[in-house]
Amino acid sequence: MSMEDGLFGIHGKALALRSQRLSLLASNIANASTPGYKARDIDFDAALKEATAQAGSQGGVQKAVDDAMGFRVPLQPSLDGNTVELSTEQTLFAENAVKYRTTLSFLEGRLNTITRALKGE
Numbered sequence: 067m068s069m070e071d072g073l074f075g076i077h078g079k080a081l082a083l084r085s086q087r088l089s090l091l092a093s094n095i096a097n098a099s100t101p102g103y104k105a106r107d108i109d110f111d112a113a114l115k116e117a118t119a120q121a122g123s124q125g126g127v128q129k130a131v132d133d134a135m136g137f138r139v140p141l142q143p144s145l146d147g148n149t150v151e152l153s154t155e156q157t158l159f160a161e162n163a164v165k166y167r168t169t170l171s172f173l174e175g176r177l178n179t180i181t182r183a184l185k186g187e
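Written as structure tokens, this is what we have:
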């Protein structure tokens with residue numbers, strides 16, 4: 067177990083995974099009108115489980131993202147082969163952004179507590 071795993075537990079990995087997912091969803095949104103573009107996403111729960119199981123290993127979060135990534139199946143396929151449904155991607159992006167911020171706030175609180183403890187407050 068690395069020092070980071072001990073201090074932040076699962077939340078450090080969750081934050082890294084949420085960040086990766088935000089990038090992926092942003093890429094989907096940016097390519098909403100690119101012919102043939104296939105929307106991708108990660109199964110967050112599966113990625114977190116794998117990243118946690120690989121505690122302390124190099125590249126654990128990235129490997130977990132790669133292993134949990136898949137293509138989104140559209141409700142209404144586009145004639146040009148693009149599978150991005152803008153409203154779905156925007157909703158998922160907003161939801162993930164809120165969860166990212168919540169995890170970040172938790173970690174900030176944890177760091178503040180540790181800092182106060184080190185200062186003897």
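The opening position of the sequence shown corresponds to residue 67 in our numbering, with each subsequent residue numbered one higher.
Where is the CB? At the ideal position from N, CA and C, for every residue including glycine.
Between residue i and residue j, what straight-line distance do the alpha-carbon atoms span, to the nearest angstrom?
i	j	result
residue 195	residue 151	The shown model of the chain, from 67 to 187, leaves out residue 195, and the question about it has no answer.
residue 164	residue 134	21 Å
residue 167	residue 175	12 Å
residue 87	residue 186	38 Å
residue 156	residue 130	24 Å
residue 74	residue 104	35 Å
residue 99	residue 139	16 Å
residue 96	residue 182	42 Å
residue 173	residue 180	11 Å
Helix or strand or just coil, what does DSSP make of residue i?
i	result
residue 164	helix
residue 186	coil
residue 151	coil
Taking residue i and residue j to be in contact with their CB atoms under 8 Å, please state how far apart those CB atoms are, rounded to whole angstroms.
i	j	result
residue 169	residue 114	Not a contact, Cβ separation roughly 11 Å.
residue 149	residue 137	7 Å
residue 147	residue 102	4 Å
residue 178	residue 84	About 21 Å; that fails the 8 Å criterion.
Considering only residues of the same chain and omitting the five flanking positions on each side of residue i, which have a CB-CB separation below 7 Å?
i	result
residue 90	106, 107, 108
residue 116	130, 133, 134
For residue i, which residues of its own chain have a beta-carbon under 8 Å away from its beta-carbon, when the five flanking residues on both sides are left out?
i	result
residue 118	76, 79
Please return the same chain residues whose Cβ sits closer than 6 Å to the Cβ of residue i, not counting the five positions on each side in sequence.
i	result
residue 69	Because residue 69 carries a pLDDT of 47, less than 50, the predicted location of this residue cannot be relied on, and no value is offered for it.
**Prompt:** Curious, which full-length alpha helix (DSSP H) runs of at least 4 residues does the segment 71 to 148 contain?
**Reply:** Within the segment 71 to 148, the complete alpha helix (DSSP H) runs of at least 4 residues are 76 to 96, 110 to 119, 126 to 134.
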